[in-house]
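Student:
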Amino acid sequence: MRRLLLFAALLALACGSESERPPSESASQPEAPAPDPEPSPMSQPVRPARPNVASIPELEPEQAARFNAFGLQLWKRASGEGNRAISPASLVLALEMTRTGAAGETLAEMSRVMGADEGYAAAARAAVTRLPALSNEGVTLRLANRLYGEATYTFEQPFLRSVAAGFGASLEPVDFRGAPEAARGVINGWVAERTESRIRDLLPSGSIVSETRLVLVNAMHFYGRWETAFPASRTRDRPFHVDGGEPVDVPTMMRLGNFRAGDIGKARLIEIPYERGRLSMVIVMPKTYDGLADLESSLTDDAVRHWNDALHTYGRYHLELPRFRVEAPQSMALGDTLKAMGMVTPFDRATADFSAMANPPAPDERLFISEVFHKAFVAVDEVGTEAAAATAVVMGRAGSRPAPPEPFNVDRPFLFYVRDVDSGAVLFLGRVVDPR
Numbered sequence: 220m221r222r223l224l225l226f227a228a229l230l231a232l233a234c235g236s237e238s239e240r241p242p243s244e245s246a247s248q249p250e251a252p253a254p255d256p257e258p259s260p261m262s263q264p265v266r267p268a269r270p271n272v273a274s275i276p277e278l279e280p281e282q283a284a285r286f287n288a289f290g291l292q293l294w295k296r297a298s299g300e301g302n303r304a305i306s307p308a309s310l311v312l313a314l315e316m317t318r319t320g321a322a323g324e325t326l327a328e329m330s331r332v333m334g335a336d337e338g339y340a341a342a343a344r345a346a347v348t349r350l351p352a353l354s355n356e357g358v359t360l361r362l363a364n365r366l367y368g369e370a371t372y373t374f375e376q377p378f379l380r381s382v383a384a385g386f387g388a389s390l391e392p393v394d395f396r397g398a399p400e401a402a403r404g405v406i407n408g409w410v411a412e413r414t415e416s417r418i419r420d421l422l423p424s425g426s427i428v429s430e431t432r433l434v435l436v437n438a439m440h441f442y443g444r445w446e447t448a449f450p451a452s453r454t455r456d457r458p459f460h461v462d463g464g465e466p467v468d469v470p471t472m473m474r475l476g477n478f479r480a481g482d483i484g485k486a487r488l489i490e491i492p493y494e495r496g497r498l499s500m501v502i503v504m505p506k507t508y509d510g511l512a513d514l515e516s517s518l519t520d521d522a523v524r525h526w527n528d529a530l531h532t533y534g535r536y537h538l539e540l541p542r543f544r545v546e547a548p549q550s551m552a553l554g555d556t557l558k559a560m561g562m563v564t565p566f567d568r569a570t571a572d573f574s575a576m577a578n579p580p581a582p583d584e585r586l587f588i589s590e591v592f593h594k595a596f597v598a599v600d601e602v603g604t605e606a607a608a609a610t611a612v613v614m615g616r617a618g619s620r621p622a623p624p625e626p627f628n629v630d631r632p633f634l635f636y637v638r639d640v641d642s643g644a645v646l647f648l649g650r651v652v653d654p655r
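For any residue, its number in my numbering is found by taking its place in the sequence shown, counting from 1, and adding 219.
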């Protein structure tokens, strides 16, 4: 059987807007206007033309919950320790494009593990259109797809037409047989370019060989600003209980403002909107310094929906949030995790059926998944959020005076996720145990 590589990359970047008035240093003194926020070190990519809002397709909350459920299962099984992040959206898009080429029991197993029902494929294609359509003056969300195929290998035309129509992915011939390492460099370079160089070497050495036949690439880039920036002049060193233990001083952003917040018993929530409020970041902070593990153990799509529903209290808060950066040194290999979740046949060189993708007459030319790689990056500062992720599926052969603000001090390990507010789809999910 020949090796096939399918790849999907997702990037989110966001930066912030004008500052509002910060809290005063003393309650007895009036608040003074804050200076304009300092320029963000984040790069600002060229923004595409604004979409026609009326043409934005709907992504139903029920389908978004299915996408979330799959990503959250992977997170609970494979997130490891320390600062980590994944992109459920990237994982879903990568494997949904792979599922497009599956048949028989291979298709059935992928569908069961991914929670794919009759409307799943249409919803994934709607997400491909909807995400870029969330762009506005302060937020850019771009999506690009591409197929890198072995020039001498034959792919099924219905499959190529399907991914072209549903994901906008055209086929580019490359020489996997004669120059696999050069092809790996081309693909990794494309990923780096589409993710503002935040995701490098997604495909590690040895992942592309002369038997590779196809690389399917999805790249999404998100640049946005907080609806209201944290004044950089207000950032101070504040104690943070690293890993739930003794506190250490870390740079902590501060802002006085109106936020949606909630209480779920074991944790407090606060939502920080990006400009125009169609995308947001939710911070989930356990009430005890060592409560993160217990909080993560309850992480399901139902839990996330409950958290979103709990964000119903709109009030005035003095938010303290550490700057943080989550950067994976190497890609996560998710093949064993997916097999443990029940996706076994697609990884079996003897029984995998991707005949809808390529159907050569010789059995040893057929395809199976050999590995799935994922890599993510998230950074938060006063102006906004920068995040990137990539997934690769490697297939081988065989009015009145306001009340005093309520404090919300994020001084312990916490979870965060970036979501599409209307549908609830989670674009990024992560944990911070050490902001340093």
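Just so it is clear, CB atoms sit at the ideal spot from N, CA and C, and this is done for glycine as well.
Alpha carbon to alpha carbon, how far is V645 from H460? Give it in angstroms, no decimals.
Tutor: Translated into the one-based positions of the sequence shown, residue 460 becomes position 241. Translated into the one-based positions of the sequence shown, residue 645 becomes position 426. Those two C-alpha atoms are separated by around 27 Å.
Student: Thinking just about the alpha-carbon of each residue, which of L586, G301, R344, Q282 is nearest to the one in D572?
Tutor: Translated into positions along the sequence shown, residue 572 becomes position 353. Among L586, G301, R344, Q282, the Cα nearest to that of D572 belongs to L586.
Student: Should P258 go down as buried or exposed, given a rule of 16 or more other Cβ atoms within 10 Å for buried?
Tutor: As a first step, residue 258 is located in the sequence shown; it is residue number 39 there, counting from the start. With a pLDDT of 35 at P258, under the threshold of 50, the modelled position of that residue is not reliable, and the figure given next carries that caveat. The residue in question, P258, is exposed, as its Cβ has fewer than 16 Cβ neighbours within 10 Å.
Student: Let me know the secondary structure DSSP gives V410 once reduced to three states.
Tutor: The sequence position of residue 410 within the sequence shown is 191, counting from 1. Note: V410 maps to helix in three-state DSSP.
Student: By DSSP, does M333 sit in helix, in strand, or in coil?
Tutor: Taking the first residue of the sequence shown as 1, we reach residue 333 at position 114. Helix at M333.
Student: With DSSP run on the structure shown, which of helix, strand or coil describes V637?
Tutor: What you label residue 637 is simply residue 418 of the sequence shown in a count that begins at 1. In this structure, V637 counts as strand in the three-state DSSP scheme.
Student: Considering only the beta carbon of each residue, do P541 and T610 sit closer than 7 Å?
Tutor: The residue you call residue 541 lines up with position 322 of the sequence shown. The residue you call residue 610 lines up with position 391 of the sequence shown. Against a cut-off of 7 Å, the Cβ pair of T610 and P541 comes out as no contact.
Student: Specify the secondary structure class of Y536 as computed by DSSP and reduced to three states.
Tutor: Here residue 536 is taken as the residue at index 317 of the sequence shown, counted from 1. Y536: strand per DSSP, three-state reduction.
Student: In angstroms with no decimal places, state the Cα-to-Cα distance between D482 and L488.
Tutor: Within the sequence shown, residue 482 is the residue found at index 263, counting from 1. Within the sequence shown, residue 488 is the residue found at index 269, counting from 1. Going from the Cα of D482 to the Cα of L488 covers about 6 Å.
Student: Quick check: the Cα distance between L314 and A342, rounded to an integer number of angstroms?
Tutor: Translated into the one-based positions of the sequence shown, residue 314 becomes position 95. Translated into the one-based positions of the sequence shown, residue 342 becomes position 123. Between L314 and A342, the C-alpha separation is close to 14 Å.
Student: Return the CA-CA distance between R535 and F374, expressed in angstroms with no decimal places.
Tutor: By 1-based counting over the sequence shown, the position of residue 535 is 316. By 1-based counting over the sequence shown, the position of residue 374 is 155. Taking the straight line joining both Cα atoms gives about 57 Å.
Student: With a threshold of 8 Å, are at least 3 pairs of Cβ atoms found where one atom belongs to the region 518-528 and the other to the region 397-405?
Tutor: With a cut-off of 8 Å, the region 397-405 and the region 518-528 do not count as touching, because too few Cβ pairs lie within range.
Student: M473 bridges to which residues according to DSSP?
Tutor: Taking the sequence shown and counting its residues from 1, the one referred to as residue 473 is at position 254. Answer by DSSP bridge pairing, in chain order: E539.
Student: Assign Y372 to one of three DSSP states: helix, strand, or coil.
Tutor: Taking the first residue of the sequence shown as 1, we reach residue 372 at position 153. In this structure, Y372 counts as coil in the three-state DSSP scheme.
Student: Using three-state DSSP, classify K594 as helix, strand or coil.
Tutor: Locating residue 594 in the sequence shown gives position 375, counting from the first residue. Strand, per DSSP.
Student: Residues in the same chain with beta-carbon distance under 6 Å from V332, minus the five sequence neighbours each way, listed in chain order, please.
Tutor: What you label residue 332 is simply residue 113 of the sequence shown in a count that begins at 1. Only M560, G561, M562 meet the Cβ criterion.
Student: How is N527 classed by DSSP in three states: helix, strand or coil?
Tutor: By 1-based counting over the sequence shown, the position of residue 527 is 308. The answer is helix: DSSP assigns N527 an H, G or I state.
Student: Once DSSP output is grouped into helix, strand and coil, what is the label at D509?
Tutor: Sequence index remark: in the sequence shown, residue 509 carries index 290 (1-based). Coil, per DSSP.
Student: Quick one, which of S589, A569, H593 has its alpha-carbon nearest P582's?
Tutor: Locating residue 582 in the sequence shown gives position 363, counting from the first residue. Measuring from the Cα of P582, the nearest candidate turns out to be A569.
Student: Whole angstroms is fine: what's the gap from S642's alpha carbon to S298's?
Tutor: Taking the first residue of the sequence shown as position 1, residue 642 is located at position 423. Taking the first residue of the sequence shown as position 1, residue 298 is located at position 79. Rounded to the nearest angstrom, the two C-alpha atoms are 24 Å apart.
Student: F386 bridges to which residues according to DSSP?
Tutor: On the sequence shown, residue 386 is found 167 positions in, with the first residue counted as 1. None; F386 has no bridge partner.
Student: Do A547 and S306 have their CB atoms nearer than 7 Å?
Tutor: By one-based count along the sequence shown, residue 547 stands at place 328. By one-based count along the sequence shown, residue 306 stands at place 87. No, these two residues do not count as a Cβ contact at 7 Å.
Student: Please state whether DSSP places L278 in a helix, a strand or coil.
Tutor: Stepping through the sequence shown from its first residue, residue 278 is reached at position 59. If DSSP states are grouped into helix, strand and coil, L278 belongs with coil.
Student: Under 8 Å, with one C-beta from each stretch per pair, do the region 463-477 and the region 514-522 reach the 3-pair mark?
Tutor: The region 463-477 is not in contact with the region 514-522.
Student: Given this structure, state the Cα-to-Cα distance separating R344 from P623, to the nearest angstrom.
Tutor: On the sequence shown, residue 344 is found 125 positions in, with the first residue counted as 1. On the sequence shown, residue 623 is found 404 positions in, with the first residue counted as 1. Roughly 46 Å between the two C-alpha positions.
Student: Along the chain, where does the beta strand (DSSP E) that runs through L646 open and close?
Tutor: Translated into positions along the sequence shown, residue 646 becomes position 427. Taken as a continuous stretch (DSSP letters only), the beta strand (DSSP E) holding L646 covers 645-651.
Student: Using the three-state DSSP reduction, which class does P466 fall into: helix, strand or coil?
Tutor: Residue 466 sits at position 247 when you count from the first residue of the sequence shown. Correct three-state label for P466: strand.
Student: Classify Y533 as buried or exposed, calling it buried when 16 or more other Cβ atoms lie within 10 Å of its own Cβ.
Tutor: Here residue 533 refers to the residue found at position 314 of the sequence shown. With fewer than 16 Cβ atoms within 10 Å of its Cβ, Y533 is classed as exposed.
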